[in-house]
Amino acid sequence: MERNGKTKKNSGERIKIMEAPIKSIKDLPLEENLLPGTPACAGCGGLLSLRHCLKTLGRNTVIVNAASCFTLLAIYPFTPFKNSWLYTAMACAPAGAQGIRDALDILIRKGRLDTEEDLKVVVLTGDGAAYDMGLSSTSGAIHRNLDFYYICYDNEAYGNTGFQWSGATPFASRTGTTPLGRLSKTGTALHKKDLFEIWRSQKPPYLATILPAHPVDLANKFKKAEQFKGPKLFITFSPCPPGWGMDPSFSIKLAKLAVNTGIWPLKEAVYGDVVHTVVPKKFEPVEDYLKEQGRFKHLFKPERQEETIKKIQDMVDNYWRIYLSAFTGNKM
Amino acid sequence: MIKEMLTGNASAAWGVRLAEVDYVPAYPVTPQTEIIETLARWICDGLMDAKFITMDSEHSMITAAGAASATGARVFTASSSQGLLYGFEMLYTVAGWRVPLVMVNVSRGLSSPITLEPDHNDILAARDSGFLQVHCETCQEVLDSILMAYRLAEDEQVLLPVIVNLDGFYLSFTREPVEVPDLEEVRRFLPTYRPRHAFFKASQPMAQGVAVLGGLGYSYFKYQMHLACTRALEVYKDVSLEFEKTFGRKHGTYEGYMLDDAEYILVMTNSFSTLGKAAVKRARGKGVKAGLLRLRLLRPFPEMDIRNIMRGRKVVTVIDQNISIGKGGILHSEIASCLCNEEKKPLLLSFIGGLGGKNISPGEFEFMIDSMVRAVETGEVTTQKLLYTEMEWKEMERLKRIAGKG
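Respectively, the protein sequence lines represent chains A and B. Residue numbers 1 to 332, in our numbering, belong to the letters of the first sequence in order. Residue numbers 1001 to 1406, in our numbering, belong to the letters of the second sequence in order.
Have a look at this one:
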């Protein structure tokens, strides 16, 4: 891990970066801004992550939502949030965030709004919007250096419509639109887009991957992000019990497995420099992760697809080989 | 007051400047671009206290505009044609947010084939979105209509966005003498926007744009929009009256030209109405009692006004500068629907013309007016006609020969 208080230089600006103020679960903020009683599915990993995100972000936040499962969190006349909320459409939540951020700034500057009325602006999207349809408006907002947070809860498919293939769907996953049949026994032949790297190419001040099984890592990343003005982007691994074909009680265990098998690297990038924040001491085989889920069941039954499983293991191994050797700052 | 020679686009920019908008999210598209370039320059020079931002698409632009308006800022944006359609999803969305932003559309025909010059399929595609629509013939009207649009949109009985429409090229790039009102007078007419219904601030969390499940909530909110939009007809009359008192210019829901004793009425919109008025004048010279009704407010639709005007006339001809493929003129249908229950209804003719900026010649106007006179004589109503002159036909044949398709 990076040493505490490392100084970062970016275009003449020197920022003292605070590291990891939260040491354990006991230090997590007690406040709740997402209350129980939502229509989300039992064991929704995205919802668990969101709860932790909002604990750290605090109440003075406006959530700008893109069409996704979470659009159904606020159904008239109810909202589970203590925060403000604006549902936009599927492709354009970052543009909505731009409008709100700019309007708040203008109204404060012109004296029509008190400074203490200011809000953090947070985009909340699923992977369908983040990886596919909303990429243009996201790229635009990063490019304009919009001061906002962006949370993508990634359940690796279009979940709200019943689990169809998206740009976030991993290789070999079965989905509603990449079914198994006589001609295809593998699920999707395409590989998951690397959204982290797509975002990183624009060098935003902060971006990170998170997941609900590591709330301390998650909270520290939001704390760290707070120090930067500009785009602060988060992709959260979001186990989806109905889509992934697993028991709701298994979500957190699966999220832990995703880290321990190396499938979901926990990392961050400050102005483009990547650091892995949790690196397993010993990687478990990806098979342990895959075999727990209905969407990968075909890799094991009726017969074991050895080559496909090996291909996935090789991809994970390659990732870590390249990253662990390239980024020498990673010392556990 | 001194008049300046301004293009339609410059007049639009002046309207926005005088309305002292806070925020202008933009995206270039011909023939609208001059508006946003002008505003960008004024903001850059400190002549307007607003933020200008170029977005990544019209879809994003309308979203940012709506979101800023939902936060409490006075917002302006502009588009044309393909741009309007690219942002189409968000027209419906922001109208449902009940945000009183004002948008200018500079009309241009829709692809395909891709083209630059005007007709009204772009703006009429937005007809059912919940945006109010004002259609302009002159540069002065563009400026004035923007000021009136903010007053109308921000009225608590309305709270819906407004599109002010002007024709690309024919008005956007045509200079006319325009009276630029005094800022202090505009401030009296249009005070600072201070919303009580939609805003974002820390002390008062608010959920906006929330989902509804089932028809109960959905119908309720859609009916609310419709009722507010129809209520805007009454509000418009007050706004129009106050505008006239303040600035001395009257802009009604429609404009009548030589209507008083007219038996034969042409119905038109936007800049081509100028051609129609000239044709009416020529017909009057020949003793034909012609007149012209120019529709200005298209949403809300001033149905009662139109029924009152049409009562007792012999023939009405709607010239649609748009085409609903497989049906015909969009405004023809709208006029027909408001006349169908009248006891003494005029005969109704329909012509399509001016698509993609194609001229409507004096000869074609003469043909249309003759058709009206003939319809009375014979009692026979001709079917819908697509205007295309012989000369145009021959020119098209020549082009096809060059393309090897002759």
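The beta carbon of each residue, even a glycine, is placed where N, CA and C say it ideally should be.
Which stretch, first to last residue, makes up the beta strand (DSSP E) that contains residue i?
i: B:Trp1042; result: It is not in any beta strand (DSSP E) - B:Trp1042 instead sits in the alpha helix (DSSP H) that spans Thr1033 to Cys1044.
i: B:Ile1265; result: Tyr1264 to Thr1269
i: B:Ile1053; result: Lys1051 to Thr1054
Can you give me the C-alpha to C-alpha distance between residue i and residue j, rounded to a whole angstrom?
i: B:Val1373; j: B:Tyr1264; result: 8 Å
i: A:Leu146; j: A:Ala208; result: 17 Å
i: A:Ala97; j: A:Arg182; result: 46 Å
i: B:Ala1026; j: B:Phe1088; result: 15 Å
i: B:Ala1070; j: B:Phe1200; result: 7 Å
i: A:Lys82; j: A:Ile75; result: 14 Å
i: A:Asn260; j: A:Leu254; result: 10 Å
i: A:Met332; j: A:Asn155; result: Note on A:Met332: pLDDT 38, under 50, position unreliable in the model; the coordinate value appears next. Straight-line Cα distance between these residues: approximately 29 Å.
i: B:Asp1167; j: B:Ala1012; result: 12 Å
i: B:Phe1189; j: B:Ala1126; result: 28 Å
i: A:Pro248; j: A:Ala42; result: 6 Å
i: A:Leu119; j: A:Thr56; result: 14 Å
i: A:Ser184; j: A:Trp320; result: 29 Å
i: A:Leu86; j: A:Asn65; result: 6 Å
i: B:Ser1333; j: B:Gln1384; result: 12 Å
i: A:Leu195; j: B:Leu1039; result: 36 Å
i: B:Gly1291; j: B:Val1316; result: 10 Å
i: B:Ile1163; j: B:Tyr1193; result: 18 Å
i: A:Pro29; j: A:Lys223; result: 11 Å
i: A:Glu284; j: A:Leu257; result: 8 Å
i: A:Ile263; j: A:Thr115; result: 43 Å
i: B:Ala1149; j: A:Ser24; result: 56 Å
i: A:Tyr149; j: B:Lys1405; result: 57 Å
i: A:Ser84; j: B:Asn1341; result: 49 Å
i: B:Glu1377; j: B:Asp1122; result: 37 Å
i: B:Met1206; j: B:Glu1154; result: 19 Å
i: B:Leu1266; j: B:Leu1297; result: 17 Å
i: A:Ile252; j: A:Ser49; result: 11 Å
i: B:Arg1299; j: B:Gln1133; result: 5 Å
i: B:Val1239; j: B:Lys1345; result: 31 Å
i: A:Ala141; j: B:Asp1370; result: 58 Å
i: A:Leu113; j: B:Glu1303; result: 41 Å
What is the residue span of the alpha helix (DSSP H) that residue i lies within?
i: B:Arg1294; result: No alpha helix (DSSP H) holds B:Arg1294; the beta strand (DSSP E) holding it covers Ala1290 to Leu1295.
i: B:Met1396; result: Glu1390 to Ile1402
i: B:Lys1277; result: Ser1273 to Gly1285
i: A:Trp244; result: Pro241 to Trp244
i: A:Lys223; result: Pro215 to Ala225
i: B:Gly1096; result: Phe1088 to Gly1096
i: A:Asp105; result: Ala93 to Arg109
i: B:Phe1189; result: Leu1183 to Phe1189
i: A:Glu19; result: Premise fails: A:Glu19 is in no alpha helix (DSSP H) and is neither H nor E.
i: B:Met1061; result: Glu1058 to Thr1071
Any idea which residues DSSP pairs residue i with across the strands?
i: B:Arg1299; result: B:Gln1133
i: B:Ser1079; result: B:Asn1105
i: B:Tyr1218; result: Note: B:Tyr1218 sits in no beta bridge, so no partner.
i: B:Gly981; result: Past the edges of chain B, shown from 1001 to 1406, lies residue 981 of chain B, and the structure says nothing about it.
i: B:Ala1211; result: A:Ile75
i: A:Thr115; result: For A:Thr115, which the question treats as bridged, DSSP gives no partner whatsoever.
i: A:Phe234; result: A:Ile151 and A:Ala208
i: A:Ser24; result: Partner(s): none; A:Ser24 has no beta bridge.
i: A:Ser84; result: A:Val62
i: B:Leu1386; result: B:Ile1352
i: A:Gln164; result: A:Tyr158
i: A:Leu34; result: A:Phe81
Since residue i contacts residue j with CB under 8 Å, what's their CB separation in whole angstroms?
i: B:Gly1353; j: B:Glu1364; result: 7 Å
i: B:Ala1095; j: B:Ser1145; result: Going by Cβ atoms, the distance from B:Ala1095 to B:Ser1145 rounds to 18 Å, so no, they are not a contact pair.
i: B:Arg1294; j: B:Thr1269; result: 6 Å
i: A:Gly45; j: A:Pro170; result: A:Gly45 to A:Pro170, Cβ: 15 Å. No contact.
i: B:Ser1172; j: B:Asn1009; result: 5 Å
i: A:Tyr187; j: A:His298; result: The question names Tyr, but residue 187 of chain A in the sequence shown is Gly. 7 Å between Cβ atoms; contact.
i: A:Ile100; j: B:Ala1211; result: That belief does not hold up - the Cβ atoms of A:Ile100 and B:Ala1211 are roughly 19 Å apart, past 8 Å.
* Asked: Taking the runs of the alpha helix (DSSP H) that are 4 residues or longer, which of them lie wholly in the region 1117-1180 of chain B?
  -> If one requires a minimum length of 4 residues, the alpha helix (DSSP H) runs lying completely within the region 1117-1180 of chain B are 1121-1125 and 1139-1154, in chain order.
* To do: Report the residue ranges of all beta strand (DSSP E) runs contained in full by the region 1002-1030 of chain B; include only those spanning at least 3 residues, in chain order.
  => List check, beta strand (DSSP E) in window: 1003-1006 and 1023-1026.
* To do: Any chance you could list the alpha helix (DSSP H) runs of at least 4 consecutive residues sitting entirely within the region 1289-1363 of chain B, in chain order?
  => The region 1289-1363 of chain B contains these whole alpha helix (DSSP H) runs: 1303-1310 and 1330-1339.
* Asked: Along the chain, which unbroken stretches of the beta strand (DSSP E) at least 3 residues long are found entirely within the region 40-75 of chain A?
  -> Correct list: 61-65.
* **Entirely enclosed alpha helix (DSSP H) segments - the region 168-211 of chain A, minimum 4 residues** => Within the region 168-211 of chain A, the complete alpha helix (DSSP H) segments at least 4 residues long are 195-200, listed from N- to C-terminus.
* Asked: Which full runs of the alpha helix (DSSP H) of 4+ residues lie inside the region 247-325 of chain A, going along the chain?
  -> DSSP runs (the alpha helix (DSSP H)) wholly in the region 247-325 of chain A: 251-260 and 286-290.
* Mind pulling the beta strand (DSSP E) runs of 3 or more residues that sit fully within the region 121-157 of chain A? -> Uninterrupted beta strand (DSSP E) stretches at least 3 residues long and entirely within the region 121-157 of chain A occur at 148-154, given in chain order.
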